[in-house]
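For reference, the structure is listed below as structure tokens.
Number of protein chains: 2
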Amino acid sequence: MDRELAETGHLQALLSQLGAALDNYLNFTHPDALQSGVDWKRQLDRPLPERGEGIEAVNRALIDTLVAHASAIPNPGFSGYITTGGVTASTLALTAASVSSPQRYMLTAFNFVEELSLEWLSQMLGIGHLKGVYSSGGSVANLVALGGARQQAFEGIGIDPASEGMTGRGGQRPACLYASDQCHHTIQRAAGVLGLGRRSVRIIPSDGSGRMRVEALERALAEDRAEGRLPVAIVANAGTTNTGAIDPLRAMGELARAQGVWFHVDGAYGLPGILDPRKSVLYDGLELADSVIVDPHKWLGASVGVAATFVRDRDILMRAFTQEPADYLEGSMQRDEPERFDHSLDSFGIPYFDFGVELSAPCRGVVVWSMIREIGVEGFRQRIVRHNDMALELAEIARAHPQLELLLEPTLSICCFRFVDERIDDLNAFNQMLLRQLVRENRFMPTSTRVGEALAIRPCYIGARHAPEQVAGLVDEVVRLGNLLLQAGDSG
Amino acid sequence: MDRELAETGHLQALLSQLGAALDNYLNFTHPDALQSGVDWKRQLDRPLPERGEGIEAVNRALIDTLVAHASAIPNPGFSGYITTGGVTASTLALTAASVSSPQRYMLTAFNFVEELSLEWLSQMLGIGHLKGVYSSGGSVANLVALGGARQQAFEGIGIDPASEGMTGRGGQRPACLYASDQCHHTIQRAAGVLGLGRRSVRIIPSDGSGRMRVEALERALAEDRAEGRLPVAIVANAGTTNTGAIDPLRAMGELARAQGVWFHVDGAYGLPGILDPRKSVLYDGLELADSVIVDPHKWLGASVGVAATFVRDRDILMRAFTQEPADYLEGSMQRDEPERFDHSLDSFGIPYFDFGVELSAPCRGVVVWSMIREIGVEGFRQRIVRHNDMALELAEIARAHPQLELLLEPTLSICCFRFVDERIDDLNAFNQMLLRQLVRENRFMPTSTRVGEALAIRPCYIGARHAPEQVAGLVDEVVRLGNLLLQAGDSG
């Protein structure tokens with residue numbers, strides 16, 4: 005049984021070794037993975053091994069080669085995109101579940117916290133009127149929500165799109181979704197996957213703050229109705245990925261309700277912003293939402309792979325996503341719940357696998373549960389206020405500094421600014437160059453976006469490791485590099 | 005920074021404590037979670053906490069409450085459905101990635117093994133002509149493959165379904181998918197999600213061994229063609245969930261090719277069976293597949309959340325799943341690859357996020373890489389042969405035993421049998437009762453299925469912990485319980 009032992013045991017010793025390496029990794033004293041790429045590529049690039057090396061060798065390779073040359077994303081200086089490294093509570097929860105509860109279903113303690121954590125999350129984020137289901141990320145979470153919207157819209161014209169499809173008698177009716185020009189592209193993809201088509205997403209212009217122009221939405225709706233198109237959903241951003249803008253939720257939600265159209269709020273990044281008492285007013289109207297998504301793996305600090313869709317009524321998700329009635333799971337003859345539960349295998353519990361696109365799925369609720377138990381609502385509020393403060397502080401510095409320009413007042417924890425100097429001809433090219441140089445140095449790693457025509461340096465503070473000192477550090481480096489580039493005479 | 009430290013550090017000490025608890029859990033001396041359910045429910049069922057308890061308390065709760073009352077699935081006696089507990093290599097890989105590489109993209113060692121592991125997997129499983137992408141499970145993996153099929157079929161009639169949708173000019177043309185009555189219901193769900201409709205899946209009858217009747221497939225195709233329907237895909241099982249049957253892949257693949265229809269092979273469970281030299285002939289024709297899926301979290305022993313879709317040409321997945329051209333990722337202005345790579349953030353590498361439904365996604369390749377490095381192809385072959393042997397041994401015992409009936413010769417590692425006795429009136433009700441009693445005892449936990457009209461007790465051996473002694477143990481218990489129930493006079 006030596007091989008079996010190696011395949012299935014020794015967790016304390018192996019996790020302890022790995023934990024030491026991870027603690028060391030979290031000091032971030034190592035160079036960027038690519039800067040040491042020749043070595044690790046040589047070590048990894050092997051043909052398919054016929055014989056195994058055993059678990060000790062694998063753990064050593066994980067520690068010495070993989071972890072040692074891993075991602076820059078968890079680094080406190082990384083403020084690009086909207087992704088971060090998971091917190092310790094998340095890692096512990098994932099590790100525990102991966103061994104002792106490989107599935108979210110059955111009547112176990114892990115299954116219990118799947119629902120409990122969804123309830124906690126909805127209460128904490130001001131959407132207590134909705135019920136949730138986890139999935140692996142914002143893309144799937146939006147897909148699930150819009151699957152519910154598709155179901156409602158087509159049922160409204162007498163068609164069950166999930167069962168009958170849309171290529172039969174419903175097919176003559178082109179569908180429309182409405183989202184602003186700031187919406188995440190995953191909205192288009194979801195429309196594509198659902199058979200509505202990416203082009204069915206009507207792009208509504210936003211104002212100078214990145215908020216949807218509701219009067220344009222109203223016009224588009226009227227136009228499409230007049231031409232016989234079927235409105236499926238109005239999609240609002242509660243925190244755009246580009247600038248953190250929050251759409252006018254109440255106006256959009258009231259319009260949606262008046263028109264009988266599903267109102268979806270994409271809060272993948274920004275929904276936790278509601279915890280900041282200074283910002284909660286921006287979320288006014290959230291109670292009108294038919295569906296809301298949030299990614300605990302963004303601002304709440306879960307390791308990547310944890311998103312949630314919330315809807316008024318999970319029955320509509322059931323109709324949209326059920327795997328045919330009756331034969332719920334392969335080989336299961338116990339379709340009817342037994343008269344009483346004597347064993348954890350007696351029931352699957354809440355049929356999460358019928359509310360989305362996954363059957364087998366890891367336990368994600370335990371991750372959210374562990375994070376909320378660790379720091380409580382108050383801990384999240386403090387973290388979110390701190391991140392919003394960081395964006396505000398950066399905005400103030402940029403406003404005051406002669407060589408910096410604030411491009412947009414921050415809504416949440418994103419701040420868009422750039423380096424300026426009268427000697428620069430092409431500010432976009434210059435800031436692009438500056439940003440590349442900055443990232444090369446591996447200490448401060450924001451990404452960019454556009455604000456109007458301007459290329460912006462765009463830090464987004466969402467990580468548990470994002471602390472106030474990163475603001476001054478980033479500013480100092482941007483100013484230093486900008487002036488170095490100016491001196492080098494290469495002003496784009 | 006005490007709170008920050010608690011949120012982000014201490015991994016060695018915490019993982020060591022948790023590892024000890026997990027090693028203890030893997031002794032399986034604890035009662036079933038539900039049998040001790042009153043206590044843990046009381047401990048867990050709390051209102052949303054305003055204040056946090058800190059990471060040490062969370063780890064204790066994970067250990068004392070969650071892990072201690074976790075799932076019966078990883079137990080070596082659990083042989084129900086097609087799910088199992090992950091092996092140690094998988095847990096180590098997940099834990100490492102969750103901290104040091106929260107995303108699969110960027111130019112890091114983790115990103116490198118994402119592709120390397122897909123190549124290894126395809127070579128090991130006889131589908132080296134295909135390229136892969138990971139997702140979270142078989143349902144999504146099938147959805148991705150059938151998204152490719154939808155794309156090819158509609159492009160063939162001049163429509164881009166992902167971009168234009170199918171509710172416009174393509175909408176008049178009902179689509180068809182073909183799968184046997186033994187196919188997994190996730191095929192229907194995928195058709196529903198994709199807007200083809202669950203009802204578009206034409207169910208083709210199978211023979212007494214659970215293999216699709218190809219002549220019936222041929223008739224259905226001809227009929228649909230005559231009536232103007234658009235064939236989208238022929239779906240074959242390489243190991244059905246009910247009995248492990250493998251469809252006649254060559255005959256189906258040749259028919260698909262002759263008809264110009266996408267040929268998809270669902271090998272979620274059974275594809276690794278090709279490693280057993282006695283079984284590889286059953287996979288003849290696999291090279292005709294346009295797409296194949298396999299779930300490393302089934303027979304290969306990964307923790308749940310790791311599936312792979314393989315296709316001839318990832319470009320078709322790109323067209324089916326891209327998030328609109330150009331703006332690949334939020335805030336990214338570096339659409340053009342820089343002239344050279346100086347930093348791991350310079351490129352996303354292979355755009356896996358355009359080949360499926362996820363953008364953010366955890367590293368799954370490292371899990372597969374770690375398992376293959378640990379035991380090699382030879383180790384997997386031994387494990388799979390052992391599991392197939394277990395099903396064969398059970399079949400032999402059942403054939404020889406006067407109180408057991410073998411209901412179907414095993415194809416792979418599933419064996420369908422039942423308890424029989426001339427005194428029993430209703431064999432189905434009796435075996436159902438027997439199975440419930442068996443599972444209550446928490447030592448042997450198969451599930452059931454139907455073979456024809458007969459309710460079968462159906463163990464499925466796929467776990468690294470499934471060892472030969474489980475066969476005799478299960479038989480002894482089934483016979484003992486059967487006779488006990490007979491004595492109790494309750495013969496159904």
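Respectively, the protein sequence lines represent chains A and B.
No gaps in the numbering here: position 347 of the first sequence is 351 in my numbering, and each next residue is one more.
No gaps in the numbering here: position 7 of the second sequence is 11 in my numbering, and each next residue is one more.
A virtual CB, placed ideally from N, CA and C, is assigned to each residue, including glycine.
Just so it is clear, the structure is predicted and the values come from calculations on it, not from any experiment.
- Extent of the continuous alpha helix (DSSP H) to which Trp44 (chain A) belongs: Element bounds for Trp44 (chain A): Gly41 to Leu48.
- Query: Counting only beta-carbon atoms, is Leu490 (chain B) nearer than 8 Å to chain A?
  - Reply: Taking 8 Å as the threshold, the shortest C-beta distance from Leu490 (chain B) to chain A does not fall below it.
- Task: Keeping to the same chain, check which residues put their C-beta closer than 6 Å to that of Ser4 (chain A); ignore five residues upstream and five downstream.
- Result: Since the first residue shown for chain A is 5 and the last is 496, residue 4 (chain A) is missing from the structure and cannot be characterised.
- Query: What are the complete beta strand (DSSP E) segments, minimum 3 residues, inside the stretch 192-219 of chain A?
  - Reply: Listed in chain order, the complete beta strand (DSSP E) runs (minimum 3 residues) inside the stretch 192-219 of chain A are 205-208.
- Below 8 Å between beta carbons: does that hold for Tyr273 (chain A) and Ile86 (chain A)? Yes; because the gap between Cβ atoms is below 8 Å, this pair is in contact.
- Task: Return no unless some Cβ of chain A is closer than 8 Å to the Cβ of Tyr356 (chain B).
- Result: For Tyr356 (chain B), the nearest beta carbon of chain A is not closer than 8 Å to its own beta carbon.
- With which residues is His270 (chain A) paired in a DSSP beta bridge? Looking at the sequence provided, one finds Asp at residue 270 (chain A) rather than His. The beta-bridge partner set that DSSP reports for Asp270 (chain A) consists of A:Asn241 and A:Ile297.
- Task: Mind checking who Cys180 (chain A) pairs with in its DSSP beta bridge?
- Result: Per DSSP, A:Pro235.
- Message: Pairs of beta-carbons, one from the stretch 134-154 of chain A and one from the stretch 62-73 of chain B, closer than 8 Å: are there three or more?
- Response: Output reads no: the stretch 62-73 of chain B does not touch the stretch 134-154 of chain A.
- Task: Report yes if the CB atom of Gly84 (chain B) is closer than 8 Å to the CB atom of Thr451 (chain B), and no otherwise.
- Result: Yes, they are a contact pair.
- Query: If you draw a straight line from the alpha carbon of Ala97 (chain A) to that of Arg377 (chain A), how long is it in whole angstroms?
  - Reply: Looking at the two C-alpha atoms, the distance is approximately 12 Å.
- Message: One question on the structure: do Gly360 (chain A) and Ala166 (chain B) come within less than 8 Å of each other, judged by their Cβ atoms?
- Response: Their beta carbons are not under 8 Å apart, which means Gly360 (chain A) does not touch Ala166 (chain B) by this criterion.
- What does His301 (chain A) reach in chain B if we use C-beta pairs closer than 7 Å? Under the 7 Å cutoff, chain B gives Ser364.
- Query: The beta strand (DSSP E) spanning Ile461 (chain A) covers which residue range?
  - Reply: Here the beta strand (DSSP E) through Ile461 (chain A) covers Ala458 to Arg462.
- Message: Suppose contacts are defined by Cβ-Cβ distances below 8 Å. Is Leu120 (chain B) in contact with Trp373 (chain B) by that definition?
- Response: With contacts defined as CB atoms closer than 8 Å, Leu120 (chain B) and Trp373 (chain B) qualify as a contacting pair.
- Minimum Cβ-Cβ distance from Leu485 (chain B) to chain A less than 8 Å: Using beta-carbon distances, Leu485 (chain B) does not count as an interface residue toward chain A, since no partner is under 8 Å.
- Mind checking Leu19 (chain A): buried by the 16 CB within 10 Å criterion, or exposed? The residue in question, Leu19 (chain A), is buried, as its Cβ has 16 or more Cβ neighbours within 10 Å.
- Message: Does Gly152 (chain B) pass the burial test, meaning 16 or more other C-beta atoms within 10 Å, or should it be called exposed?
- Response: Burial call: buried.
- Task: Could you tell me the distance, in whole angstroms, from the CA atom of Ala260 (chain A) to the CA atom of Val239 (chain A)?
- Result: Distance from the CA atom of Ala260 (chain A) to the CA atom of Val239 (chain A), rounded to whole angstroms, is 10 Å.
- Task: Would you give the residue range spanned by the alpha helix (DSSP H) that Pro450 (chain A) belongs to?
- Result: If you look at Pro450 (chain A), you'll find it isn't in any alpha helix (DSSP H); it sits in the beta strand (DSSP E) that goes Met449 to Val455.
- Apart from the five residues on each side of it in sequence, which residues of its chain come closer than 7 Å, Cβ to Cβ, to Gln47 (chain A)? Excluding residues within five positions, the ones whose Cβ falls inside 7 Å are Thr69.
- Query: Roughly how far, in whole angstroms, is the beta-carbon of Phe116 (chain B) from the beta-carbon of Ser75 (chain A), given that I think they are within contact range, below 8 Å?
  - Reply: At roughly 12 Å, the Cβ-Cβ gap does not stay under 8 Å, so Phe116 (chain B) and Ser75 (chain A) are not in contact.
- Under three-state DSSP, which class holds Thr313 (chain B)? Reduced to three states, the DSSP call for Thr313 (chain B) is strand.
- Please decide whether Met449 (chain B) counts as near chain E, where near means a Cβ-Cβ distance under 8 Å. Considering every chain present, this structure includes no chain E. Its protein chains are A and B.
- Taking C-alpha atoms, which residue in B:Glu60, B:Arg440 and B:Arg444 lies nearest to Ala17 (chain B)? Answer by Cα proximity: B:Glu60.
- Give a yes or no on whether the minimum CB-CB distance between Asp185 (chain B) and chain A is below 8 Å. Not one chain A Cβ lies under 8 Å of Asp185 (chain B).
- Reference Leu22 (chain A); option with closest CA among B:Thr95, B:Val483, B:Pro78 and B:Thr247: Selected option, being the one with the closest Cα: B:Thr95.
- Task: Can you pull the chain A residues whose beta carbon is under 7 Å from the beta carbon of Asp36 (chain B), in chain order?
- Result: For Asp36 (chain B), the chain A residues whose Cβ falls inside 7 Å of its Cβ are His347 and Ser348, in order along the chain.
- Beta-carbon proximity check, Leu304 (chain B) vs Pro276 (chain B), cutoff 8 Å: Going by C-beta atoms, Leu304 (chain B) is nearer than 8 Å to Pro276 (chain B).
- Task: Have a look at the DSSP bridge pairing and note the partners of Ile250 (chain B).
- Result: DSSP, once it has assigned bridges, lists B:Ala242 as partnering Ile250 (chain B).
- Message: I need the straight-line Cα distance from Leu485 (chain B) to Ser104 (chain A), nearest angstrom please.
- Response: Those two C-alpha atoms are separated by around 28 Å.
- Would you grab the beta carbon distance between Ile461 (chain B) and Asn435 (chain B) for me? Rounded to a whole angstrom, and I think it's under 8 Å. Rounded to whole angstroms, the Cβ separation of Ile461 (chain B) and Asn435 (chain B) is 6 Å, and the two are in contact under 8 Å.
- Item | Minimum Cβ-Cβ distance from Tyr29 (chain A) to chain B less than 8 Å | Answer yes: the Cβ-Cβ gap between Tyr29 (chain A) and chain B drops below 8 Å somewhere.
- Any idea if Gly169 (chain A) is buried or exposed, counting beta-carbon neighbours within 10 angstroms, 16 or more meaning buried? Per the 10 Å Cβ criterion, buried.
- To the nearest whole angstrom, what separates the beta carbons of Pro178 (chain A) and Thr171 (chain B), a pair I think is in contact under 8 Å? That pair is a contact at about 5 Å.
- Counting only beta-carbon atoms, is Leu333 (chain B) nearer than 8 Å to chain A? Note on Leu333 (chain B): pLDDT 45, under 50, position unreliable in the model; the coordinate value appears next. So yes, Leu333 (chain B) belongs to the interface.
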